[in-house]
Amino acid sequence: MTRDTGEAAATRGPRLLLRAALLGGIPLVAMSAIGAYLLADGQTADGRSTLAVGVIVAATAAGSLLYQVERWSLTRQSVTHFALMLVTVLPALLLSGWFPVDTAGGVLTVVGIFLAAGLVLWTTLFLVMTAVERRRTARAST
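Numbering follows numbering that gives the first Met the number 0, in which position 110 of the sequence shown is assigned residue number 109; successive positions increment by one, without gaps.
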């Protein structure tokens with residue numbers, strides 16, 4: 000993987016932010032509108048679920064672009080992505096109504112599911128992308 004420096008990287012930054020805003024903003028606005036309608040209609044459980052899905056989709060879609068910041072190390076990309084998920088997806092899960100969180104054990108269960116799912120997804124995508132990059136490098140060298 001090559002690292003950008005200078006003008007090319009500087010112009011890529013604002014475009015990446017715009018893409019993140021669109022990737023995250025569009026589903027967030029759409030799902031929030033649907034969720035608000037459901038809540039106003041008295042469908043509390045469905046409204047909460049829809050709002051939670053909107054936050055989760057928006058955060059994961061926009062957050063995936065962190066891995067395109069080429070001047071960042073994989074560690075920095077991963078830690079930043081984890082922090083974003085921690086302040087968006089985890090609260091959405093806790094407030095969604097999908098899990099009983101009326102006890103400390105319930106909250107810890109949700110945190111455990113969040114951490115386990117994140118670890119499995121990160122590891123799987125790391126292995127897949129490593130294989131893709133190896134294949135790409137092998138093709139380029141032939």
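Heads up, the beta-carbon is just placed ideally off N, CA and C, and yes, glycines get one too. Quick caveat: nothing in here was measured; it's all calculated off a predicted structure.
Who are the Cβ neighbours of residue i in its own chain at under 8 Å, not counting the five residues just before and after it?
{"i": "L93", "result": "V100, V106, V109"}
{"i": "T79", "result": "L65, W71"}
{"i": "T123", "result": "none"}
Given residue i, which residues of its chain have a CB within under 6 Å of its CB, disregarding the five upstream and five downstream residues?
{"i": "Y66", "result": "Q76"}
{"i": "L27", "result": "G53, A57"}
{"i": "I33", "result": "T49"}
{"i": "A61", "result": "A19, L22, G23"}
{"i": "G46", "result": "G34, L37, L38"}
{"i": "A91", "result": "A51, V54, I55"}
Taking Cβ positions, are residue i and residue j nearer each other than 8 Å?
{"i": "A51", "j": "G23", "result": "no"}
Rounded C-beta distance between residue i and residue j? I'm assuming under 8 Å.
{"i": "L83", "j": "R18", "result": "Going by Cβ atoms, the distance from L83 to R18 rounds to 15 Å, so no, they are not a contact pair."}
{"i": "F113", "j": "L89", "result": "5 Å"}
For residue i, which residues from the same chain have a beta carbon less than 7 Å from its beta carbon, with the 5 sequence-adjacent residues on both sides left out?
{"i": "T87", "result": "V54, A58"}
{"i": "A44", "result": "G96"}
{"i": "T129", "result": "none"}
{"i": "R138", "result": "none"}
**Message:** Three or more C-beta pairs under 8 Å: does that hold for the segment 118-126 against the segment 92-108?
**Reply:** Result no; under three Cβ-Cβ pairs closer than 8 Å.
**Message:** List, from N- to C-terminal side, the beta strand (DSSP E) runs of 3 residues or more that fit wholly inside the segment 60-90.
**Reply:** Those beta strand (DSSP E) runs which fall completely within the segment 60-90 and span 3+ residues do not exist here.
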